[in-house]
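Top line first, the protein sequences correspond to chains Z and C. Residue 17 in this note's numbering is what sits at position 17 of the first sequence, and the numbering runs on without skipping anything. Each position in the second sequence, counted from 1, maps to that position plus 100 in this note's numbering.
Protein chains: 2
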Amino acid sequence: MFVILVYDFAQKRVNKALKIGRRYLHWVQNSVLEGEISKANFVKLKKELEMLIDPDEDSVILYTFRSQKYSQREEMGLKKGGDDNII
Amino acid sequence: MFVILVYDFAQKRVNKALKIGRRYLHWVQNSVLEGEISKANFVKLKKELEMLIDPDEDSVILYTFRSQKYSQREEMGLKKGGDDNII
């Protein structure tokens, strides 16, 4: 399945969140990761994020799609994806 | 159709970008808007963003889905959506 993960972590946890996210997905923009993921890895990803999250400060939204068949992705402006310019 | 808009604008343009986005979609998290939108409004939204964007500094990704039938949305941690706590 295809996942879009958007996250908003307190400064002191954001790097760890990104590190966890990048083990499973691709960084595409500030606070946004996406990619194909197996169900098993999706469960693992959520568990790792759950252990990191401070529910009073941090927020994660996970959009999952069985397939990308019915979707489109458009980029405007600067292309930020790819692993070299991580922020 | 359903749209997820993630944006990364330079500080001096980010409020304008959010203002444009919120005319068509719902703010759900820092730099993330989503919602159902007509094709006509989607074209208008993109035009307005296009006029604002500095292609050397700003980045927008638009994920569009014909329907939400094949998708799921999960939130972890703090729920940031709703119009009262805009950042």
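Where is the CB? At the ideal position from N, CA and C, for every residue including glycine.
So residue i and residue j are in contact, right, with Cβ under 8 Å, and what is the actual spacing, rounded?
{"i": "Asn30(Z)", "j": "Asp108(C)", "result": "4 Å"}
{"i": "Glu57(Z)", "j": "Ala10(Z)", "result": "4 Å"}
{"i": "Ser167(C)", "j": "Phe102(C)", "result": "7 Å"}
Is the beta carbon of residue i sitting closer than 8 Å to the one on residue j?
{"i": "Arg73(Z)", "j": "Tyr170(C)", "result": "no"}
{"i": "Ile120(C)", "j": "Glu148(C)", "result": "yes"}
{"i": "Met176(C)", "j": "Ile4(Z)", "result": "no"}
{"i": "Val128(C)", "j": "Lys180(C)", "result": "yes"}
{"i": "Glu34(Z)", "j": "Leu45(Z)", "result": "no"}
{"i": "Ile37(Z)", "j": "Val132(C)", "result": "no"}
Can you name the residues that DSSP bridges to residue i?
{"i": "Val60(Z)", "result": "Tyr7(Z), Met176(C)"}
{"i": "Glu34(Z)", "result": "Ile4(Z), His26(Z)"}
{"i": "Ser71(Z)", "result": "Phe165(C)"}
Anything in chain C within Cβ reach of residue i, meaning under 7 Å, just list it in chain order.
{"i": "Ser31(Z)", "result": "Asn130, Ser131"}
Which bits of chain C does residue i rub up against, with CB to CB less than 8 Å?
{"i": "Lys80(Z)", "result": "Asp108, Ser159"}
{"i": "Glu50(Z)", "result": "Met176"}
Just the chain Z side, please: which residues come within less than 9 Å of residue i by C-beta, in chain order?
{"i": "Gln111(C)", "result": "Here the premise fails: no neighbours, minimum Cβ distance about 12 Å."}
{"i": "Ser188(C)", "result": "Lying before the first or after the last residue shown, residue 188(C) is absent from chain C, which here runs from 101 to 187."}
{"i": "Ile153(C)", "result": "Met76, Gly77, Leu78"}
Which chain C residues are close to residue i, counting only those with a beta carbon under 9 Å from its beta carbon?
{"i": "Arg73(Z)", "result": "Ile161, Leu162, Tyr163, Thr164"}
Taking 7 Å as the cut-off, is the CB of residue i close to at least one heavy atom of the ligand ADP?
{"i": "Leu145(C)", "result": "Annotation note on the ligand ADP: not contained in the displayed structure, which lists no ligands."}
In chain Z, which residues lie with their C-beta within 7 Å of the C-beta of residue i?
{"i": "Ile104(C)", "result": "Ile4, Tyr63"}
{"i": "Tyr170(C)", "result": "Phe65, Arg66, Ser67, Tyr70"}
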